[in-house]
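Residue numbers (our numbering): 988 to 1382.
Structure, rendered in structure tokens:
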């Protein structure tokens, strides 16, 4: 029976999650999270490692059961109607379930059959996803020969070959080089023109490059939900600041002078052009701080090049909503990664949360065949049983 792209239940939302819980012993991986996603949205599910991202993705794709609460995908309950959910969901796990010994074309044909794509349409669907994901040149190659970027393309192709309503991507650009990241982002944006996409990531820049909306999860709780513009506005209100540039190199004395100005709570150097230095000031009284800077008070008596309102940074957004620390007190480390944003003058900010509880993820599974393969076979069997019962009822 061929997969249908029509939802079998009423409702305008592609995904509805209500009071979802997941416990591992005494550890609460998900602590009553709720959110909904409309058709056609590309939503970034952002959080540090161990925040609950992969657990949520696996529940939405029926690879894991929740402890409490409910989730509906494409109008179907993930617990009661798991076969219907799987028909309508495309899933790319963090570690793509690929058979290394198979040729790309054969693998996609295999997945198309498992996913219930009608035999008469399989060739058409394989060609379509190969073109969309840029696989045309490697369709005759063995998967083991492919680069990480092309393996990820194959993963995306298998996730959409059955024309799902909803696509769930778990850390889709992890381990890719800058060019590969750009390419995969472009593919995601193209797919998102027609489908609902939710993808998890710990790369802050990822959400600005791809998403219409951002959901931030921390310690198993949803702590923020909105567009980038909305989150930036909240950060600007919660953490007002100024950016000041001076002639000459940065120095400890200048840093100390800025720290002592009226209203200043924090000072961070943010670079600057050759022969100059730039600082970001967190201040509770911008007017008082601005007056002190313009007056050239002791400690900051240098040639002032510029003074402007600070724009909210990705780091500031993340830190505001995650608190900057784990429950064990380990700092959230934010570093500049060598990724595509650097070529355009931006920064790829990667958030890593030390000592956070490790989620049950595919990285911890060393079974062969690859993670997801058995579930795909079980899923196909469930679909076949459904199809047989439908044939009997029609007969």
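The beta carbon of each residue, even a glycine, is placed where N, CA and C say it ideally should be.
Query, Result
"For the candidate residues 1110, 1082, 1083, 1078, whose alpha-carbon lies nearest to that of residue 1093?", "1110"
"So, at 7 angstroms on beta carbons, what are the nonlocal neighbours of residue 1044 in its own chain, with the 5 sequence-adjacent residues on each side left out?", "1155, 1157, 1187"
"So what does DSSP say about residue 1142, is it helix, strand or coil?", "helix"
"Assess, as a yes-or-no matter, whether the stretch 1006-1014 is touched by the stretch 1049-1056 under the definition of 3 or more beta carbon pairs within less than 8 angstroms.", "yes"
"Here's the rule: buried if 16 or more other CB atoms are within 10 angstroms of the residue's CB, otherwise exposed. What is residue 1240?", "exposed"
"Could you check if residue 1388 is buried or exposed, using at least 16 other CB atoms within 10 Å of its CB as the buried criterion?", "Look at the range of the chain in this structure, 988 to 1382, and you will see that residue 1388 is not part of it."
"Please work out which residues of its chain come closer than 7 angstroms, Cβ to Cβ, to residue 1391, disregarding the five sequence neighbours upstream and downstream, and give them in chain order.", "Residue 1391 lies beyond the stretch modelled for the chain, which goes from 988 to 1382, so this question has no answer here."
"Could you round the C-beta distance between residue 1169 and residue 1021 to whole angstroms and report it? I think they count as a contact, below 8 angstroms.", "The pair is not a contact, with the Cβ atoms about 34 angstroms apart (cut-off 8 angstroms)."
"Taking DSSP's pairing of strands, which residues face residue 1194 in a bridge?", "BP columns for residue 1194 are empty, so no partner."
"Residue 1229: which of 1119, 1218, 1254 sits nearest, CA to CA?", "1254"
"Which of helix, strand or coil does DSSP assign to residue 1093?", "helix"
"Pairing CB atoms from the stretch 1221-1228 with CB atoms from the stretch 1292-1307, are three or more of them under 8 angstroms?", "yes"
"Excluding the five sequence neighbours on either side, which residues of its own chain have a C-beta within less than 6 angstroms of the C-beta of residue 1172, listed in chain order?", "1196, 1197"
"Going straight from the alpha carbon of residue 1246 to that of residue 1035, what length do you get?", "30 angstroms"
"Figure out for me which residue from 1148, 1005, 1016 has the closest Cα to the Cα of residue 1205.", "1016"
"Rounded to a whole number of angstroms, what is the C-alpha to C-alpha distance between residue 1244 and residue 1299?", "23 angstroms"
"Spatial neighbours of residue 1059 within its chain, please: CB distance less than 6 angstroms, with the 5 preceding and 5 following residues excluded, ordered by chain position.", "1003"
"To test your reading of the DSSP string, which unbroken alpha helix (DSSP H) runs of 4 or more residues are found completely within the stretch 1072-1137?", "1091-1101, 1106-1120"
"Helix, strand or coil for residue 1001 per DSSP?", "coil"
"Can you tell me whether residue 1257 is buried or exposed, with buried defined as 16 or more other CB within 10 angstroms of its CB?", "exposed"
"In chain order, what residues of the same chain lie with their CB nearer than 8 angstroms to the CB of residue 1138, ignoring the 5 residues before and after it?", "1083, 1085, 1130"
"Considering just the uninterrupted stretch of the alpha helix (DSSP H) at residue 1244, what are its terminal residues?", "1239-1246"
"With DSSP as the reference, label residue 1171 as helix, strand or coil.", "helix"
"What would DSSP say about residue 1340, mapped onto helix, strand or coil?", "Any reading at residue 1340 needs caution, since the residue's pLDDT is 38, under 50, leaving its predicted position unreliable; the model's value is listed next. Three-state DSSP puts residue 1340 in a strand."
"Suppose only complete runs of 3+ residues qualify. What are the beta strand (DSSP E) ranges in the stretch 1008-1037, listed by chain order?", "1014-1024, 1029-1033"
"Could you tell me the distance, in whole angstroms, from the CA atom of residue 1269 to the CA atom of residue 1203?", "23 angstroms"
"Tell me which same chain residues have a C-beta within less than 6 angstroms of the C-beta of residue 1175, skipping the five on either side of it?", "1197"
"With a threshold of 8 angstroms on Cβ separation, who are the neighbours of residue 1249 within its own chain once the five nearest residues in sequence on each side are excluded?", "1272, 1275, 1276, 1278, 1279"
"Could you give the distance in angstroms between the alpha-carbon of residue 1042 and the alpha-carbon of residue 1115?", "31 angstroms"
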